[in-house]
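Report on the following structure.
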Amino acid sequence: MQPFVYVKISTKLKHIRNHFFIKQYNFSKYGIHQHYISMIESEKRSPSREMISSIYDAIFKITNGEIINLYTKEQFSMTLEEQAINWLNTNFESINKLISNYQYCINELEKYNLHSQIYGIYDKLATHYSKISDHKKAHQFYLNCIETAIRSNISPLQTYIKIGEIMKYQSEYKQAVIYFLLALKYTSENDSETYYTLQIMIAEMYYKSGDLNNCIPYIDNILNSCKNPQPLAGAKILEGLIFYEFKEHQKSIHCFQSVISELNYEPYFGYAYFGIGLHLMSQKEYQESISVLKKARHYATDTAEEIAHLLLISINYYHLQDYKIAIKYCHEARDFNSDKVEYSMVKDWYKHTLNLFFKLNEEDKIIYLLDHANKFQPKELLQELKLQYLEHLTVHYKKTPNIFHQKVEELLRY
Numbered sequence: 001m002q003p004f005v006y007v008k009i010s011t012k013l014k015h016i017r018n019h020f021f022i023k024q025y026n027f028s029k030y031g032i033h034q035h036y037i038s039m040i041e042s043e044k045r046s047p048s049r050e051m052i053s054s055i056y057d058a059i060f061k062i063t064n065g066e067i068i069n070l071y072t073k074e075q076f077s078m079t080l081e082e083q084a085i086n087w088l089n090t091n092f093e094s095i096n097k098l099i100s101n102y103q104y105c106i107n108e109l110e111k112y113n114l115h116s117q118i119y120g121i122y123d124k125l126a127t128h129y130s131k132i133s134d135h136k137k138a139h140q141f142y143l144n145c146i147e148t149a150i151r152s153n154i155s156p157l158q159t160y161i162k163i164g165e166i167m168k169y170q171s172e173y174k175q176a177v178i179y180f181l182l183a184l185k186y187t188s189e190n191d192s193e194t195y196y197t198l199q200i201m202i203a204e205m206y207y208k209s210g211d212l213n214n215c216i217p218y219i220d221n222i223l224n225s226c227k228n229p230q231p232l233a234g235a236k237i238l239e240g241l242i243f244y245e246f247k248e249h250q251k252s253i254h255c256f257q258s259v260i261s262e263l264n265y266e267p268y269f270g271y272a273y274f275g276i277g278l279h280l281m282s283q284k285e286y287q288e289s290i291s292v293l294k295k296a297r298h299y300a301t302d303t304a305e306e307i308a309h310l311l312l313i314s315i316n317y318y319h320l321q322d323y324k325i326a327i328k329y330c331h332e333a334r335d336f337n338s339d340k341v342e343y344s345m346v347k348d349w350y351k352h353t354l355n356l357f358f359k360l361n362e363e364d365k366i367i368y369l370l371d372h373a374n375k376f377q378p379k380e381l382l383q384e385l386k387l388q389y390l391e392h393l394t395v396h397y398k399k400t401p402n403i404f405h406q407k408v409e410e411l412l413r414y
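If you're matching positions, the sequence shown starts at 1 in UniProt numbering and goes up one per residue.
Here it is, written out as structure tokens:
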């Protein structure tokens with residue numbers, strides 16, 4: 001495998017002069033003193049990019065353009081960092097090649113303390129694994145990014161955010177908070193967009209982890225200080241959800257309606273309608289909830305948000321005992337391929353679907369669902385589903401112990 005070798009401008013200049021038999025004084029004709037050429041070759045001077053361009057133009061004229069067969073102007077002008085990027089792009093362009101050889105690449109770049117390029121390799125690998133939902137490897141490579149950033153002048157801000165997002169999609173909300181708080185240290189109110197966006201992310205993680213006491217100060221700070229519409233809308237949504245948790249339903253509805261009334265908050269309309277639908281469902285107004293949630297679907301900004309709407313619609317139909325319609329919406333909501341769908345939502349979908357199959361007496365589909373979870377989801381979820389199924393069997397086959405034991409034996413195969 002071809003190692004990375006940095007070719008300095010001094011080396012290239014000597015090589016060209018020897019190849020074309022050019023004397024240093026030949027450059028004087030083009031306004032470049034021979035003493036300056038000598039200083040570059042002895043590495044006592046570092047020419048600017050503009051001067052390198054002028055030197056190449058002079059060589060082009062001296063050689064009647066033949067220099068292009070030895071070096072293009074781009075090759076002649078490349079800095080250390082640019083040569084490293086070119087070497088990486090030429091030899092490790094595909095992600096599979098980079099995966100197989102990333103340690104070799106890093107070892108080569110370490111020789112020249114090219115921390116930015118090393119950081120770039122780790123970030124590229126982490127992004128790749130994040131996209132294919134291999135969060136464990138993505139997490140490890142992002143940690144490598146942070147280690148590289150700390151020993152150089154690279155800000156780890158974005159990497160902390162990316163790790164926090166991985167923790168979020170794994171529903172490790174307390175861990176996500178830690179990384180978002182670390183990221184917050186690298187921002188200030190001068191960078192208001194990032195600063196308040198992180199604050200709303202921290203508030204969301206505290207809310208989802210059930211830590212409302214720590215959530216509320218971040219919401220209050222955004223509502224009192226932020227002028228950016230997106231964090232403001234997010235804070236109003238979270239405030240509405242907290243009021244919902246405290247059973248202050250009128251205040252909750254007011255928060256959601258205040259979002260819908262502002263055109264600037266349109267990206268959050270779906271979440272606001274979801275909140276209203278959640279409130280209506282808690283009041284057993286299932287048809288009204290369904291109507292609002294169907295409206296919310298039109299404003300969904302990503303797969304995860306739409307799945308949340310579909311799942312809540314299905315739960316409403318479950319309460320109405322319309323199990324066939326409920327399962328229809330459940331099937332619509334089963335797109336978990338997106339790396340933006342949180343694990344907690346995936347769990348909710350499996351458990352709700354299992355309940356529906358119980359109600360529809362479709363035991364063959366229950367077995368299929370368990371098999372699907374076994375193949376594609378963490379083992380802990382399968383164990384939870386098995387326990388849920390066992391509770392159902394205990395009730396359903398209470399008067400037929402032989403069938404009960406047969407079903408339990410089938411269950412133990414997983």
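Yeah, the Cβ is synthetic: ideal placement off N, Cα and C, and Gly gets one too. These numbers were taken from a predicted model, which means no experiment stands behind them.
What is the DSSP secondary structure of residue i, reduced to helix, strand or coil?
i, result
"Lys29", "helix"
"Gly240", "helix"
"Gln321", "coil"
"Val7", "coil"
"Thr63", "coil"
"Leu70", "coil"
"Lys44", "coil"
"Ile146", "helix"
"Ser261", "coil"
"Met78", "coil"
"Ala183", "helix"
"Cys215", "helix"
"Ile22", "coil"
"Asp57", "helix"
"Leu360", "coil"
"Ile276", "helix"
"Met1", "coil"
"Asp220", "helix"
"Ile121", "helix"
"Phe246", "coil"
"Cys226", "coil"
"Thr400", "coil"
"Phe141", "helix"
"Phe92", "coil"
Give the range of the alpha helix (DSSP H) segment to which residue i is assigned.
i, result
"Asn96", "95-110"
"Glu288", "286-297"
"Phe368", "Reading off the sequence, residue 368 comes out as Tyr, not Phe. First-last of the alpha helix (DSSP H) with Tyr368: 363-376."
"Tyr268", "From DSSP, Tyr268 is part of no alpha helix (DSSP H); its letter is neither H nor E."
"Gln158", "157-169"
"Val341", "Neither: Val341 is in no alpha helix (DSSP H) and is coded neither H nor E."
"Ala203", "192-208"
"Gln383", "379-396"
"Ser152", "Counting along the chain, Ser152 falls outside any alpha helix (DSSP H), and DSSP gives it neither H nor E."
"Leu114", "First-last for Leu114: undefined, no H or E at that position."
Return the Cβ separation of residue i and residue j in integer angstroms, given the expectation that the two are a contact with Cβ distance under 8 Å.
i, j, result
"His298", "Phe274", "That pair is no contact at about 12 Å."
"Ile219", "Glu239", "5 Å"
"Leu13", "Glu50", "With 8 Å as the limit, Leu13 and Glu50 do not qualify as a contact, their Cβ atoms being about 16 Å apart."
"Leu109", "Ile118", "5 Å"
"Glu342", "Ser171", "5 Å"
"Glu245", "Leu278", "No, Glu245 and Leu278 are not in contact; Cβ-Cβ is about 11 Å, not under 8 Å."
"Tyr173", "Ser225", "Not confirmed; about 24 Å, so no contact."
"Ala373", "Leu381", "6 Å"
"Leu241", "Tyr207", "6 Å"
"Ala304", "Lys251", "Incorrect: roughly 27 Å between the Cβ atoms, too far for contact."
Exercise. Spell out a yes or no on whether the stretch 223-232 and the stretch 244-256 are touching, meaning 3 or more CB-CB pairs, one atom from each, closer than 8 Å.
Key: no
Quiz item: If you pair each beta-carbon of the stretch 141-161 with each one of the stretch 316-326, do three or more pairs fall below 8 Å?
Solution: no
Practice problem: For the stretch 179-187 and the stretch 152-161, state whether three or more C-beta atom pairs, one from each stretch, are separated by less than 8 Å. | Solution: yes
Quiz item: Given 8 Å as the limit, is there contact between the stretch 91-100 and the stretch 61-80, that is, 3 or more CB pairs closer than that?
Solution: no
Exercise. Inspect the CB distances between the stretch 345-359 and the stretch 374-387 and report whether three or more fall short of 8 Å.
Key: yes
Quiz item: Three or more C-beta pairs closer than 8 Å, one from the stretch 197-206 and one from the stretch 169-181: is that the case here?
Solution: yes
Quiz item: Counting pairs of Cβ atoms below 8 Å between the stretch 55-62 and the stretch 79-87, do you hit three or more?
Solution: no
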